Amino acid sequence: MTESHLLTFDEPFVRARFLSRTKRFTVHCVGLEAPFLGLDVSAHLADPGRLESVLVPGCTLFLSGPYTPPRKLAWSVRVVQHGELFISLDSTLANRLLPIILAKGMLPELPAGPVKREHTVGAHRFDLAWGVEPGHAPTDVHLGEVKTVTHLESPGVGAWPDAPSQRGRAHVQALTAHRLAGGRASLVFVAGRKDLHTIGPNTQVDPAFAELLAEAKRVGVELLGLRLDVSPTGVRYAGRCAIEVP
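The sequence shown begins at 218 in this note's numbering and counts up by one.
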């Protein structure tokens, strides 16, 4: 196991060919191997984004499962393959990996010590929080939020979000307010594909988010980026990404 190794998937995936996206969280595909070779399959898709540059008809999907009831769908989409490139479609993957990444020192700007997950401040819930101790002052807490990037804007360049995101705008506003109040705030963009070297806001899809991100950067919210090397067997750290904000 190398230093860049982050995760080995617990179970082998099953390949299927993507046909269409029938609902926001459901895809229609046809099996490419047992146990559903040649059969139509509906699978759960955790990523709510548009995924227009990712879910291309005919691409190969890697599914995990089968899962038993009460789940409505027995299979879940985990990875998509474009040629020799694999892209994560597990929207929870980055959050699960962040503690490992921090412990390995791959994001030295952030604390490697104890981190609280899913920390609530007012109406907002943040992915990460440091300094949450009994009797702490609000500004003693370092708030962190994680966004997974899969949209390819141009060669080597990713953009977030790939659909208008009210939640994303609210998070950036809350991080900005926390920074202005004297607290520390960080926004981490994690590329779920190894071919991205630069990440920025998607000004065409969500110009309001782009404006809020520029304001966040101006007041001192830390914008950090990294990329993952995803495969059907696991995930490795692939390096840092530059964050460019117009």
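Glycine residues also receive a C-beta, built at the ideal position from the N, C-alpha and C atoms.
Predicted, not measured: the structure shown is a model, and the values here were computed from it.
Name the DSSP beta bridge partners of residue i, please?
i, result
"K434", "According to DSSP, which records beta bridges pairwise, K434 is partnered with nothing at all."
"C458", "Looking at the DSSP assignment, C458 forms no beta bridge with any residue, so it has no partner."
"C246", "F235, V258"
"P418", "W377"
"T450", "Paired residue(s): none; T450 is not in a bridge."
"T365", "V407"
"T337", "R342"
"L240", "Residue 240 is actually Lys in this sequence, not Leu. Note: K240 sits in a beta bridge opposite T243."
Does the distance from the CB of residue i to the CB of residue j come in under 8 Å?
i, j, result
"I318", "L324", "yes"
"I304", "V294", "no"
"D379", "E269", "yes"
"L236", "G248", "no"
"V422", "P372", "no"
"T365", "V332", "no"
"R238", "G275", "no"
"A387", "R396", "no"
"W377", "P424", "no"
"W292", "V271", "no"
In angstroms with no decimal places, state the Cα-to-Cα distance between residue i and residue j.
i, j, result
"V389", "G352", "26 Å"
"G339", "F253", "47 Å"
"G451", "E301", "15 Å"
"P449", "R232", "10 Å"
"L443", "P283", "31 Å"
"M218", "R453", "Reliability of the predicted coordinates at M218 is poor, the pLDDT of 42 falling under 50, and the value obtained from them is presented with this limitation in mind. Each residue's Cα considered, the two are about 10 Å apart."
"R435", "T367", "25 Å"
"P229", "L306", "16 Å"
"H414", "A459", "6 Å"
Using the three-state DSSP reduction, which class does residue i fall into: helix, strand or coil?
i, result
"M218", "Because M218 carries a pLDDT of 42, less than 50, the predicted location of this residue cannot be relied on, and the following value inherits that uncertainty. Reduced to three states, the DSSP call for M218 is coil."
"E370", "strand"
"T393", "helix"
"P424", "helix"
"H299", "strand"
"A320", "helix"
"G352", "coil"
"A311", "helix"
"G275", "coil"
"A408", "strand"
"R386", "helix"
"L429", "helix"
Would you mind working out which of the options sits nearest residue i, comparing C-alpha positions?
i, options, result
"G400", "F406, G361, P424, L430", "G361"
"V363", "G385, E432, S221, E370", "G385"
"D264", "R457, G275, R241, V407", "R241"
"L314", "G409, G437, I416", "G409"
"T243", "V271, L290, F426, R457", "L290"
"F226", "G456, V447, V462", "V447"
"G437", "E461, R457, L392", "L392"
"S221", "P355, H336, E432, A455", "A455"
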